[in-house]
Structures are given as C-alpha cells and as structure tokens.
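Residues 150 to 506 (our numbering) make up the sequence shown, in order. One structure is given below, encoded as structure tokens.
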Amino acid sequence: MVFVYLAAIAAACFFLAWVISRIQKAFGLEVDGPEHRPKATERSSALSLKRGQPDSYSDVFDRYELDENRPEGESVNWNWPWLEVAGTQHRMTEVSTFLTAVSSSSDFSIRLERDPKNAHDPNAIKVIGVLARPSRETMLGYVPAQVAEDIASYPPEMPIAVQLKRAAIVDHAIYVTIAGLMPNVKERRWMGYEETPPKAPSKITLGETEIAELETLIEKLRTRRPLTDEEASQAQRDMTSGLMSRVQAGEAQVSIEQKGFDHLDLPYREHKKLMRQADNDLVKQVGILDGAFDSYFDTGMSEPPNYAERVAIILRKAGRRDLEKAWLETWLRYFPPGSAIGQRYEALAERARKLSA
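Here it is, written out as structure tokens:
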C-alpha cells in the first residue's frame with residue numbers, strides 16, 4: 150500500500166512539473182542554460198516583432214516595440230508627448246518595408262525634414278526613416294499639423310529630433326508612434342529660441358465693469374440648482390444619442406458643441422498666446438465660464454476647473470477676498486469636494502476652506 154501512495158505522489162509531482170513547464174513556455178519564462186540566454190552585447194536597440202493586442206486597437210496585429218533609439222546631443226531633451234505619425238495609410242508598402250528592415254537591424258534613426266512647398270500646409274514636416282545598412286531613406290508620414298505649427302514658430306537652427314517608439318500593423322492600417330525631442334523651455338529661452346514672457350503682476354486693480362461681470366455670473370448660478378447625478382447622466386446620454394443620430398444621417402462634421410470655448414478652435418500658437426494674455430483678464434475668464442456653465446446644463450459634462458482657478462487667483466491679486474470667497478462658495482455649490490477628480494478641484498476646495506467659505 151505504501152508503494153501505491155509513493156507512486157501516486159511521484160505521478161502528481163511529474164504532472165505538476167509538466168504544467169509549470171507549459172506555463173513557462175506559454176509566457177516566455179523558460180530558464181535554460183547559458184547558451185540560450187541573450188548576450189549582453191546583443192542588439193538592445195533593435196525593434197522586436199511581437200504578437201498581441203495593443204491598448205487602442207482591437208484587431209490582432211504585428212507590433213514593433215523599440216528599446217533604445219534616442220538621438221545624441223546634450224541639448225536634446227524630452228519635451229513633447231508621444232505622437233502618431235500622420236499619413237502612414239497612404240504609404241503602407243514603404244512603411245511596412247522599412248519596419249521589416251528595422252526589425253533585423255539596430256543601425257537606424259528617424260529625422261525630420263521641413264516641407265515648405267507642401268500644397269496643404271506650408272508648416273508641414275516630413276518624418277523620414279533612415280536605415281544605415283543598406284543605406285536607405287523612407288518617408289513614413291508627417292508630424293501632426295498642430296505640432297508642426299508649433300515647430301514652425303521656432304528658428305530653423307533650433308535642435309529638434311525624434312525617436313521612433315513603436316509601430317503596429319493592423320490589417321489595413323499602420324500606426325507609427327514617435328517621441329519629439331527638443332530643448333526644454335528654460336534652455337530655449339536661455340539660447341534665444343523663445344522669448345521670455347513678461348512677469349505676471351503680483352497685484353491687479355479691477356474696475357467696476359469687471360467686478361459687475363463676475364457678480365452677474367455668481368447671481369446667475371445662484372438662481373439655478375446644480376444637476377443631480379441622474380440628470381447629468383441623462384443629459385450625457387441625450388448628447389451621445391444626438392451625436393449618433395447625426396452620424397447615421399451622414400453629417401460630415403460631428404462634434405460636441407462647447408459654448409464659451411471658441412478659443413480652443415484657434416491654432417495652437419494663437420490659443421497659447423491668447424490664454425497667456427487672458428491670465429489676468431477677469432472679463433475673459435468669466436466669459437469662458439459663463440458659456441461653459443451653459444454647456445454643463447445642456448450636456449451634463451463637468452466644468453473644467455482651470456478657469457475657475459484663474460478667477461480666484463485674479464481676485465486674490467486684486468485683494469478682493471470677499472469676492473473670492475463668494476465665487477468659491479458658488480463654485481463648490483456645483484462641484485463640492487469629492488464630486489470630481491483632479492488636483493485643481495481639490496486646490497479650489499482647500500482655498501475655500503482657508504477663506505471659511
């Protein structure tokens with residue numbers, strides 16, 4: 150009987166070892182001898198072809214992940230977020246050929262090339278893939294228009310580079326992701342590539358008209374009650390349903406109407422300049438908030454807190470503690486602590502507590 154138990158235990162151990170080995174193989178966790186381990190000098194900068202499912206795509210795809218491929222240069226620093234190269238769909242054969250070549254070579258790079266004669270956008274910038282051996286250059290697409298517009302505002306001699314991060318081939322589409330590299334804002338200003346904005350005033354004087362604009366908004370919001378969670382959800386469902394109806398009707402341009410946010414439709418540089426000028430403009434900030442609250446009642450979408458914060462800062466600089474307290478009380482009536490997630494929401498609530506609002 151003892152032998153039967155021992156045989157059963159041995160069989161169970163063998164089965165468990167077999168299961169573990171299958172799991173290791175399935176997830177690439179095999180631990181083999183030294184001859185199977187990757188060498189330290191092996192291509193660490195090459196792209197590796199993987200199968201899987203990316204965060205933003207639902208199809209089975211070929212995904213290329215980049216390990217290291219950062220351009221050299223002390224003045225080249227991380228600045229932009231990752232960007233999707235535009236126009237890859239129009240050159241799928243060339244891009245896929247380049248990616249295939251890159252997957253077996255570590256000697257490659259990405260460079261930018263301005264395209265001032267582009268018929269669609271004089272600020273256009275090409276993204277060129279460079280393979281050293283064999284020597285070959287392939288146009289992958291273009292830098293997104295908004296970023297190209299931003300780059301166009303800087304002198305041509307300012308060092309700008311890009312790094313290839315990853316790519317995905319999904320059935321009939323190719324997605325190529327790059328990271329933009331350029332001097333950070335302090336270095337740009339120190340080198341003379343960007344003007345240093347004037348220092349914001351520590352004190353502000355408000356006129357009667359500006360104060361009246363804010364008081365009108367406060368009174369308007371006090372006469373209306375905030376939406377309940379159910380009302381906000383229903384408004385969002387109605388908005389989504391309306392958008393879907395317009396899509397089915399074949400409308401070319403379908404977007405959410407955002408009252409008060411016309412400045413968001415401006416080109417990037419103009420928008421940035423306008424908002425810098427409006428930092429201490431109470432009338433401008435109140436105008437944005439007025440339209441944005443109308444959108445809140447129509448769509449149930451939460452009000453962005455950065456404009457409310459600017460209003461509080463302006464009032465603080467003007468020494469109008471009474472108005473700042475009244476404004477924050479009104480704001481918190483709609484967005485009390487915990488009703489929305491974000492540091493600015495919490496900062497507004499904390500400031501209100503300090504003012505005993």
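Note that beta-carbon positions come from the ideal geometry of N, C-alpha and C, so glycine has one too.
| Query | Result |
| --- | --- |
| Helix, strand or coil: which one does DSSP assign to residue 337? | helix |
| Name the one or two DSSP bridge partners that residue 510 has. | This structure gives no information on residue 510, because the portion of the chain shown stretches from 150 to 506. |
| Using the Cα positions of residue 281 and residue 257, report the straight-line distance between them to the nearest angstrom. | 6 Å |
| Take residue 454 and list the residues in its own chain whose beta-carbon comes closer than 7 Å to its own, dropping the five residues that flank it on each side. | 491, 493, 494 and 497 |
| Quick one: residues in its chain with C-beta nearer than 7 Å to the C-beta of residue 329, no 5 flanking neighbours on either side, listed in chain order? | 228, 229, 232, 296 and 311 |
| Counting along the chain, where does the beta strand (DSSP E) carrying residue 259 start and finish? | 257-263 |
| Kindly give me the distance between the Cβ atoms of residue 393 and residue 448, rounded to whole angstroms, as I take these residues to be in contact under 8 Å. | That belief does not hold up - the Cβ atoms of residue 393 and residue 448 are roughly 14 Å apart, past 8 Å. |
| Can you find the residues in the same chain that come closer than 6 Å, C-beta to C-beta, to residue 384, ignoring five residues on each side of it along the sequence? | 448 and 449 |
| Leaving aside the five residues before and after residue 429 along the sequence, list all residues of the same chain whose C-beta is less than 6 Å from its C-beta, in chain order. | 353 and 463 |
| Exposed or buried, residue 346, counting other C-beta atoms within 10 Å across all chains shown (16 or more means buried)? | exposed |
| So for residue 458, helix, strand or coil by DSSP? | helix |
| For the alpha helix (DSSP H) that contains residue 232, what are its first and last residues? | That residue, residue 232, is in no alpha helix (DSSP H); its beta strand (DSSP E) goes 227-233. |
| Is the distance from the Cβ of residue 102 to the Cβ of residue 451 below 7 Å? | For residue 102 there is no data in the structure shown, the boundaries of the chain being 150 and 506. |
| Classify residue 175 as buried or exposed, calling it buried when 16 or more other Cβ atoms lie within 10 Å of its own Cβ. | A caution first: residue 175 carries a pLDDT of 40, below 50, which makes its placement in the model unreliable, though a value can still be read off. Label assigned to residue 175: exposed. |
| Apart from the five residues just before and just after residue 472, which ones in its own chain have a Cβ nearer than 6 Å to its Cβ? | 464 |
| Cβ atoms of residue 331 and residue 309: under 7 Å apart, would you say? | yes |
| Does DSSP classify residue 391 as helix, strand or coil? | helix |
| When the Cα of residue 269 is compared with those of 349, 298 and 241, which residue comes out closest? | 298 |
| Among 484, 239 and 314, which one has its Cα closest to the Cα of residue 252? | 314 |
| Figure out for me which residue from 456, 481, 444 and 245 has the closest Cα to the Cα of residue 434. | 456 |
| What residue range is occupied by the uninterrupted alpha helix (DSSP H) comprising residue 427? | First-last for residue 427: undefined, no H or E at that position. |
| Could you tell me the distance, in whole angstroms, from the CA atom of residue 325 to the CA atom of residue 300? | 20 Å |
| Going by beta carbon distance, what residues of the same chain come within less than 8 Å of residue 337, once the five residues before and after it are set aside? | 303, 307, 331 and 343 |
| Among the candidates 386, 234 and 438, whose CA atom is the shortest distance from the CA of residue 483? | 438 |
| Helix or strand or just coil, what does DSSP make of residue 475? | helix |
| Where does residue 310 sit, in a helix, a strand or coil, going by DSSP? | strand |
| For residue 329, which beta-bridge partners are listed by DSSP? | 311 |
| Return the chain-ordered list of same chain residues with a C-beta closer than 8 Å to the C-beta of residue 236, the five sequence neighbours on each side being excluded. | 290 and 291 |
| How close, in whole Å, do the beta carbons of residue 323 and residue 225 come, if the pair is a contact with beta carbons under 8 Å? | That belief does not hold up - the Cβ atoms of residue 323 and residue 225 are roughly 26 Å apart, past 8 Å. |
| Near residue 168, what residues of its chain come up, given a Cβ to Cβ distance below 6 Å and the 5 sequence neighbours on each side ignored? | Any reading at residue 168 is ruled out, since the residue's pLDDT is 40, under 50, leaving its predicted position unreliable. |
| By Cβ distance, which residues of its chain are closer than 7 Å to residue 503, with the 5 residues on each side in sequence left out? | none |
| How about residue 538 and residue 276: do their beta carbons lie closer than 7 Å? | Residue 538 lies beyond the stretch modelled for the chain, which goes from 150 to 506, so this question has no answer here. |
| In this structure, how does DSSP classify residue 498 when only helix, strand and coil are distinguished? | helix |
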